[in-house]
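Student: Have a look at the structure that comes next, please.
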Amino acid sequence: MAKKWLLAVTAASLLLFYAAPAPAYADSTPYESYNYNYWEEAVPAPAAYIPDRTLSGKDLGVGDFLDPSDMIVTASGLIYVVDSGNGRIICLNKDWKVQNVISSFDNKGKEDKFKNPTGLFVNEEGNLYVADSDNGRIVILSPDGVLLRMIEQPESDILPANFKFNPVKVTVDKAERVYVIAKGIFEGIMQFDKNGQFIGYVGTNKVKRDYTEYLWRMFSTKAQKAQMALFVPTEFSNIDIDSKGFLYATNIDPGSTEPIKRLNPSGEDVLKRFGYFDITGDIRFRISVGPSKFIDIKVLSNGMYSALDANQGKVFTYNDEGDLLYEYGGKGNQVGTFKIPVAVEFSGENQLVLDRGKGNIVVFKPTKFGTSVNKAVGYHYNGEDTLAVPVWKEVLKLNANYDIAYIGIGKSLLMDKNNKEALKYFKLGMDRDGYSVAFKRYRREVMQEHFGTFLTVLMSLVLLWLAFKLFGFWRRKRLLMSNSASQNLKEGKAHEAGLH
19 MAKKWLLAVT
29 AASLLLFYAA
39 PAPAYADSTP
49 YESYNYNYWE
59 EAVPAPAAYI
69 PDRTLSGKDL
79 GVGDFLDPSD
89 MIVTASGLIY
99 VVDSGNGRII
109 CLNKDWKVQN
119 VISSFDNKGK
129 EDKFKNPTGL
139 FVNEEGNLYV
149 ADSDNGRIVI
159 LSPDGVLLRM
169 IEQPESDILP
179 ANFKFNPVKV
189 TVDKAERVYV
199 IAKGIFEGIM
209 QFDKNGQFIG
219 YVGTNKVKRD
229 YTEYLWRMFS
239 TKAQKAQMAL
249 FVPTEFSNID
259 IDSKGFLYAT
269 NIDPGSTEPI
279 KRLNPSGEDV
289 LKRFGYFDIT
299 GDIRFRISVG
309 PSKFIDIKVL
319 SNGMYSALDA
329 NQGKVFTYND
339 EGDLLYEYGG
349 KGNQVGTFKI
359 PVAVEFSGEN
369 QLVLDRGKGN
379 IVVFKPTKFG
389 TSVNKAVGYH
399 YNGEDTLAVP
409 VWKEVLKLNA
419 NYDIAYIGIG
429 KSLLMDKNNK
439 EALKYFKLGM
449 DRDGYSVAFK
459 RYRREVMQEH
469 FGTFLTVLMS
479 LVLLWLAFKL
489 FGFWRRKRLL
499 MSNSASQNLK
509 EGKAHEAGLH
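So the sequence shown is numbered by the working numbering: it starts at 19 and just counts up by one.
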C-alpha cells in the first residue's frame with residue numbers, strides 16, 4: 019500500500035513538473051533564443067526581441083510590395099523602403115503614414131524612372147542616393163525628389179575591361195565621398211568623390227586558397243581546369259557607415275572567418291574580435307542548412323551592430339568588442355520568421371526587418387532582457403561601468419548563464435580596483451585575460467598591503483639571527499679564553515713545581 023501511495027505522489031509530481039508553464043518569452047516567439055558559451059555550445063537564453071507586428075504595402079496604402087530590396091531609417095525617424103519591382107521609393111513617417119512616393123523625377127525636362135533600384139542612402143541633409151541598378155547609375159535626389167546629379171559609368175584604367183556599372187548598394191560619408199558595391203567588382207568597394215569621379219577601391223576580401231584543389235589543378239586537363247572555381251575574391255554584399263566614418267561591410271563568402279569588416283579610411287580592417295569565437299553568426303549549424311551568410315549590416319548606437327543572416331533568417335547583434343549579445347528570427351511562415359530577409363534597420367528601440375519573400379516589414383520590440391543588455395552595453399561603451407553593474411545584475415536574474423554580464427561586472431570591479439571580487443566574476447565569465455589582469459593586480463595589492471609586516475618580520479628574523487650568531491661567537495670566544503687561562507695556569511703550576 020505504501021509503495022502504491024509513493025508511486026502516485028511521484029507521478030503527480032512529474033505531471034505538475036511537465037505541466038509547468040514555460041517562460042513568458044517562449045510563448046511569444048516562434049523561434050529559439052540562445053547564445054554560445056565559452057565551449058561554443060548553444061545555451062538557451064531569453065528572447066531579446068519579439069515580433070510586434072507586420073506591415074505590407076497594402077497595409078500602408080501603397081499597394082503590394084514587389085521584390086523590395088532595401089530599407090533605411092533616418093535620424094529624424096523617416097523610414098524609406100526601396101520597392102525594387104515597382105521601381106519606387108516609399109517614404110514613411112514614425113507613425114507609418116506615407117509621406118511621399120518617388121517613382122520618377124525630372125531629368126532635363128523629361129520624366130525619368132528607376133529601373134530595379136536596389137540600394138538607398140539618406141544623408142544628414144535628407145538627400146537620397148539611389149542605386150538605380152539596371153540603369154547603371156547612382157541617382158542623387160533632394161528630399162522632395164528633385165534631381166541634384168547622377169554618378170554614371172565611371173572611366174578608369176584600373177577598372178576591368180568591358181566593365182558595366184551596375185550599383186547594388188550605396189553609402190556616403192560626411193565628406194560626401196560615395197561608396198558603392200557593384201556587380202562583378204571583386205577588387206573592393208568602389209569610391210567616388212563628391213563630384214562623382216571614381217577615385218579607387220576601399221578594402222579587399224582576402225582569398226583563402228584550397229591547396230588540395232591547387233594540387234589537383236596541376237594534374238588536370240584544360241577542360242577540367244575550365245570547370246574549376248578560380249581563386250578570386252568574393253564580392254561585398256552590403257555596407258553601412260558609423261558616426262566616425264568607418265565603413266562596416268559584409269561579404270557573401272560562407273566559408274570566410276571574417277564576413278564582417280570595419281574599414282578605416284585607408285581600407286584596413288579594424289574590427290575588434292575579442293570574443294570567444296569568430297564573428298560569423300551561428301557557430302554550430304545543420305549541414306543541410308549551411309553556415310550563416312550575411313547580406314546586410316546595420317550600425318547601432320554605442321558601438322553595437324546587427325548583421326542579417328539570409329541563409330538562416332536570423333539577426334545577430336554584437337558589441338564593439340566582438341561579443342555576440344543575442345540573436346533572433348528564423349526561417350518560416352509565422353510572424354517573426356522570414357522567407358527571404360534582405361534588410362535590417364532600427365527605429366527608436368525597435369528593430370525592423372524587410373522580408374522580400376513575404377513582401378512585408380516585421381517590427382520587433384525589445385523585451386526586458388534585450389533592453390537591459392542594450393542599456394548595460396551602452397554604459398560600458400561610454401565608460402560608465404559603475405552604472406552598468408546593477409543593470410548587468412538584472413540581466414543575470416533573467417539569464418544566469420549570460421557570460422558577458424559576469425565579464426561586464428568584472429571589468430567594472432577592476433576599474434574600481436576591487437581586484438579580489440573581480441577575480442570571481444571573471445572566472446564565472448570564463449574570461450582568462452581579465453582574470454590574469456585581476457590576479458596580477460590583486461597579488462601586487464596583497465604584497466603592498468602586507469609589505470610593512472613582512473619587512474618587519476624579516477628584519478626581526480635577521481636581527482635574531484645576527485644576535486644568535488654574535489651570542490655564539492661570544493660564547494666560543496669566552497670558552498677559548500677560559501680554556502687558555504686554564505692551560506696557562508696549569509703550565510705555571512708545572513713550572514713552579516719544576517723549580518722546587
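Using N, Cα and C, we set each Cβ at its ideal position, and we do this for glycine too.
Taking buried to mean at least 16 other C-beta atoms within 10 Å of its own C-beta, is S151 buried or exposed?
Tutor: Buried, by the Cβ-count rule.
Student: Can you give me the C-alpha to C-alpha distance between T474 and M433, rounded to a whole angstrom?
Tutor: Whole-angstrom Cα-Cα distance: 32 Å.
Student: Can you give the beta carbon distance from P64 to L446, rounded, assuming they're within the 8 Å contact cut?
Tutor: P64 to L446, Cβ: 18 Å. No contact.
Student: Could you check whether D88 and V80 sit closer than 8 Å to each other, using their CB atoms as the reference points?
Tutor: No; because the gap between Cβ atoms is not below 8 Å, this pair is not in contact.
Student: Does DSSP put N256 in a helix, in a strand, or in coil?
Tutor: Reduced to three states, the DSSP call for N256 is strand.
Student: Which same chain residues end up closer than 6 Å to L372 when comparing Cβ atoms and leaving out the 5 residues on each side of it in sequence?
Tutor: Once the five neighbours on either side are set aside, the close Cβ partners of L372 are P86, M89, V360, A361 and I379.
Student: Considering only residues of the same chain and omitting the five flanking positions on each side of G452, which have a CB-CB separation below 6 Å?
Tutor: If we look at G452 and ignore the five residues flanking it on each side, its Cβ neighbours are G428 and F444.
Student: Consult DSSP for G308 and reduce its assignment to one of helix, strand or coil.
Tutor: DSSP places G308 in coil when its eight states are reduced to three.
Student: Looking at the structure shown, is P408 part of a helix, part of a strand, or coil, going by DSSP?
Tutor: Helix at P408.
Student: Please report how far the alpha carbon of P41 lies from the alpha carbon of I158, in whole angstroms.
Tutor: Residue placement at P41 is poorly supported in this model, since its pLDDT is 38, which falls under 50; the coordinates are not used for a value here.
Student: Identify every residue that forms a DSSP beta bridge with P359.
Tutor: The partner list for P359 (beta bridge, DSSP) reads D373.
Student: Please confirm whether A66 and T385 have their CB atoms less than 8 Å apart.
Tutor: Closer than 8 Å, so yes.
Student: Would you kindly work out how many angstroms separate the C-alpha atoms of V464 and Y344, rounded to a whole number?
Tutor: Taking the straight line joining both Cα atoms gives about 38 Å.
Student: Look up K133 in the DSSP assignment and say whether it is helix, strand or coil.
Tutor: Of the three classes helix, strand and coil, the one that applies to K133 here is coil, per DSSP.
Student: Could you check if N104 is buried or exposed, using at least 16 other CB atoms within 10 Å of its CB as the buried criterion?
Tutor: With 16 or more other Cβ atoms within 10 Å, it is buried.
Student: Give me, in chain order, the residues of the same chain whose beta-carbon lies closer than 6 Å to that of D314; leave out the 5 immediate sequence neighbours on both sides.
Tutor: Closer than 6 Å at Cβ, skipping near neighbours: N256, L326, A361 and V362.
Student: Find out if the Cβ-Cβ distance for the pair N337, S310 is shorter than 8 Å.
Tutor: Not a contact, by the Cβ cut-off of 8 Å.
Student: Label L498 either buried or exposed according to how many other C-beta atoms from any shown protein chain fall within 10 Å of its C-beta, with 16 as the threshold for buried.
Tutor: Flag for L498 reads exposed.
Student: Going by C-alpha distance, which of L165, P161, K182 and A456 is nearest Q171?
Tutor: Checking every option, the nearest Cα to that of Q171 belongs to K182.
Student: Flag this pair as touching only if the region 295-308 and the region 258-267 have three or more C-beta atom pairs under 8 Å; answer yes or no.
Tutor: These segments do not touch.
Student: Relative to the C-alpha of D287, which candidate in G366, I207 and L431 has its C-alpha closest?
Tutor: Closest by alpha carbon: I207.
Student: Grouping DSSP H, G and I as helix and E and B as strand, with all else coil, what is V480?
Tutor: The answer is helix: DSSP assigns V480 an H, G or I state.
Student: Kindly indicate which residue of A418, R494, R71 and V91 has the alpha-carbon position closest to the one of F364.
Tutor: Of the listed residues, the one whose Cα sits closest to F364 is V91.
Student: Can you have a look at G308 and say buried or exposed, based on whether 16 or more other CB atoms are within 10 angstroms of its CB?
Tutor: The residue in question, G308, is exposed, as its Cβ has fewer than 16 Cβ neighbours within 10 Å.
Student: Span of the beta strand (DSSP E) holding A544?
Tutor: As displayed, the chain neither begins before 19 nor continues past 518, which places residue 544 out of reach and without an answer.
Student: Between T47 and F312, what straight-line distance do the alpha-carbon atoms span, to the nearest angstrom?
Tutor: If you take the alpha carbons of T47 and F312, they lie about 22 Å apart.
Student: Span of the beta strand (DSSP E) holding D327?
Tutor: Note, D327: beta strand (DSSP E), Y323 to D327.
Student: Quick one: grab the DSSP three-state call for T474.
Tutor: Here T474 sits in helix by DSSP.
Student: Please report the residue range of the alpha helix (DSSP H) in which V395 lies.
Tutor: Counting along the chain, the alpha helix (DSSP H) containing V395 begins and ends at K386 to Y399.
Student: Excluding the 5 residues preceding and the 5 following G95 in the sequence, name in chain order all residues of the same chain whose CB lies nearer than 6 Å to its CB.
Tutor: Cβ within range, chain order: K112.
Student: Can you give the Cα-Cα distance for L78 and F123, rounded to whole angstroms?
Tutor: Approximately 23 Å, taken between the alpha carbons.
Student: Spell out the partners DSSP gives F139 in its beta bridges.
Tutor: Looking at the DSSP assignment, F139 forms a beta bridge with Y147.
Student: Using 8 Å for Cβ pairs, my map puts P69 next to G354. What's the rounded Cβ distance?
Tutor: That belief holds up - the Cβ atoms of P69 and G354 are roughly 3 Å apart, short of 8 Å.
Student: Considering just the uninterrupted stretch of the beta strand (DSSP E) at E439, what are its terminal residues?
Tutor: Careful: E439 lies outside any beta strand (DSSP E), inside the alpha helix (DSSP H) at N437 to L446.
Student: In the DSSP assignment, the alpha helix (DSSP H) including G428 goes from what residue to what residue?
Tutor: Note, G428: alpha helix (DSSP H), D421 to M433.
Student: Please report the straight-line C-alpha distance between A485 and R493, rounded to a whole angstrom.
Tutor: One C-alpha to the other measures close to 12 Å.
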